[in-house]
Structures are given as structure tokens and as C-alpha cells.
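Numbering (the numbering used here), first residue to last: 21 to 136.
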């Protein structure tokens, strides 16, 4: 039986290089927006919590990295995110493309704003 990660470091370390790089980019993007966020693992996924709210969940997969619990966003931001949506609250970033770090930061900033 595989070991279940208890930290984001352990979680990220369990992936191949391409996914690991993308996961680290997402992690750094979140910390640029929420420098004091607490890192945890919830529901088996890396989670960033700020002021008691689970602001951002993310996960790595074979072909992509995804952000979770991303509800509809303001129109201009949603237009940019729409091609990356897979489910109503999921945004997928293919590993075959450069990570759009600024877009990740904008999405995270909106999620945090909603919890304030």
C-alpha cells in the first residue's frame, strides 16, 4: 500500500518531474497572493488555508494540474479561464503547456477576495 502524503512537500515529491515543476509553480503562485497561507492536505489534495477558509485546493494528474473549488468568476476572468474548465468548479492546466502563473494568481486572488 502506498504511503499517503501528509504534507505538500511529500505530495509534490510523489510526481514525475514535469508534474512536480507545475505543482511547484502553482504552490509559489498561491504563496505570492497569500503569503501567510497555511499548507495542509485535505481530501488527499494540497490545500491552502487563510483565516480559517480553505481558499485553494490543487492536485496533480498524469496530464495536467488542476485547481478546485473555482466557482464562476467575474466575466473578464471567466472568459480567460473558460478554455481550461473541465467541470463547473475545476480548472485544468495541461502539463504540455507552460503554466499560466499570472492567471493562477488572478484566480487565487479572486477566491481569497470572496472569503474576506
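Ideal Cβ placement from N, Cα and C applies to all residues, glycine included.
Inter-residue Cα distance where the pair is residue i and residue j
i	j	result
residue 38	residue 121	15 Å
residue 71	residue 62	16 Å
residue 137	residue 27	The displayed coordinates of the chain run from 21 to 136. Any statement about residue 137 would go beyond what the structure contains.
residue 65	residue 43	11 Å
residue 110	residue 117	17 Å
residue 99	residue 119	17 Å
residue 125	residue 92	16 Å
residue 30	residue 58	15 Å
residue 21	residue 83	Because the pLDDT at residue 21 is just 42, under 50, the model does not fix this residue reliably, and the point stays unresolved.
residue 104	residue 24	28 Å
According to DSSP, residues forming a beta bridge with residue i
i	result
residue 105	111
residue 84	114
residue 65	62
Residue i vs residue j beta-carbon contact at 7 Å
i	j	result
residue 78	residue 46	yes
residue 8	residue 129	Outside the displayed range of the chain (21 to 136) lies residue 8, so it cannot be described from this structure.
residue 32	residue 41	no
Rounded distance between the beta-carbons of residue j and residue i, thought under 8 Å
i	j	result
residue 5	residue 54	In the structure as shown, the chain starts at 21 and stops at 136, and residue 5 therefore has no counterpart that could be examined.
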